[in-house]
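Residue numbers (the working numbering): 520 to 644.
A virtual CB, placed ideally from N, CA and C, is assigned to each residue, including glycine.
Pasting the structure below:
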């Protein structure tokens, strides 16, 4: 995890397995915060997930949430559970992630909400 800078992690506990899922953004630390020497900073952030069996970690970085969509773009990653009152709940969706302020592919990615039936298998981007 040392080669990356991480930002804005949110954690959801999987009540069935007892595992903790952290959703955050990361970027290559070699580019610094703003990016330099051809290496993007925070504006090249990817949305990632990491897992742990303890709330306080350590967490294992499992990589980008959606590597094949917009190069994994994601910043200000906000995970949440779908309300039982939401029509998506009746369709089997239990989790969602919203992202914003992505520099990379921002014209497509900013403000998107990604939904899933499980932690973490994205089913709709």
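Bridge partner(s) assigned by DSSP for residue i
i, result
"residue 617", "597, 632"
"residue 546", "524"
"residue 530", "541"
For residue i, three-class secondary structure by DSSP
i, result
"residue 608", "helix"
"residue 522", "coil"
"residue 551", "coil"
"residue 580", "strand"
9 Å Cβ cutoff met for residue i and residue j
i, j, result
"residue 571", "residue 617", "no"
"residue 597", "residue 619", "yes"
"residue 615", "residue 627", "no"
For residue j and residue i, believed in contact at Cβ under 8 Å, the rounded distance
i, j, result
"residue 636", "residue 613", "6 Å"
* Asked: Pairing CB atoms from the region 554-564 with CB atoms from the region 581-589, are three or more of them under 8 Å?
  -> no
* Asked: With contact counted as at least three CB pairs below 8 Å, one residue from each stretch, are the region 526-536 and the region 548-556 in contact?
  -> no
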